[in-house]
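Residue 2 is where the sequence shown starts when you use the numbering used here, and the numbers rise one by one after that. All remarks here apply to the structure that follows.
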Amino acid sequence: MVSPTPGWASMAEQILDPAPPAWRTRGNRRRSTRAWRVRSSAAITALVVLAVLLVPPLVHLDQQAVDLAAKLRPPSWAHPFGTDDVGRDLLLRCVYGLRVSLLVGVVAALVATVIGTAVGALAGALGGWVDRAVMRVVDTFASVPHLLLGIFIVAMFRPGVWPVVVSVGLTH
Numbered sequence: 002m003v004s005p006t007p008g009w010a011s012m013a014e015q016i017l018d019p020a021p022p023a024w025r026t027r028g029n030r031r032r033s034t035r036a037w038r039v040r041s042s043a044a045i046t047a048l049v050v051l052a053v054l055l056v057p058p059l060v061h062l063d064q065q066a067v068d069l070a071a072k073l074r075p076p077s078w079a080h081p082f083g084t085d086d087v088g089r090d091l092l093l094r095c096v097y098g099l100r101v102s103l104l105v106g107v108v109a110a111l112v113a114t115v116i117g118t119a120v121g122a123l124a125g126a127l128g129g130w131v132d133r134a135v136m137r138v139v140d141t142f143a144s145v146p147h148l149l150l151g152i153f154i155v156a157m158f159r160p161g162v163w164p165v166v167v168s169v170g171l172t173h
């Protein structure tokens, strides 16, 4: 007797590894995309931190040194980012700006974490009227626009990095 579909058995034998269901491949793709994003973000962050730590000791130039003969030079081996309108090295100025930005971000996050944890633990431990009072204070802070509150906090102190750190730490 002849099989109604000739070659069916041989075709079935050739399929050794069937494709996984679509729902499995989508999840794996999402995980691999997420892992790639995490790895690339970590690499960029590590590169920025290394630049902040290693460039100033390796380059023996003052970031404020004025060299009018080298003003507005294009990028070169001596000045990889070029120079500005008074001859200052732009690479060093960027690295010192990164240093301040990283300092503000890290310390502001620590300030916000310490204050938030302390106030939250106090409100949670004592409960009752303390909890309600803390809730009202936090609601008041949340109702004021963060930018205006930050400007107000910075305006109360003399200019500098630390008022900015405190302002960012308190408003976020």
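Quick reminder that beta carbons are idealized off the backbone N, C-alpha and C, glycines included.
What residue range does the alpha helix (DSSP H) around Ser102 cover?
Leu91 to Leu127
Classify Leu123: buried if its beta carbon has 16 or more other beta carbons within 10 angstroms, exposed otherwise.
Label assigned to Leu123: exposed.
Assuming Ala162 and Val101 make a contact with CB atoms under 8 Å, what is their CB distance in whole Å?
According to the sequence provided, residue 162 is Val. The question's Ala does not apply to it. The pair is a contact, with the Cβ atoms about 6 Å apart (cut-off 8 Å).
Tell me, please, which residues DSSP counts as bridged to Thr84.
For Thr84, which the question treats as bridged, DSSP gives the partners Asp90.
Nearest-angstrom Cβ-Cβ length linking Leu99 and Ala52, presumed shorter than 8 Å:
7 Å
In this structure, does DSSP put Pro160 in helix, strand or coil?
coil
Smallest Cα separation from Leu54: which of His173, Ala143, Ala156 and Val96?
Val96
When burial is assigned at 16 or more other CB atoms within 10 Å of the CB, is Thr172 buried or exposed?
buried
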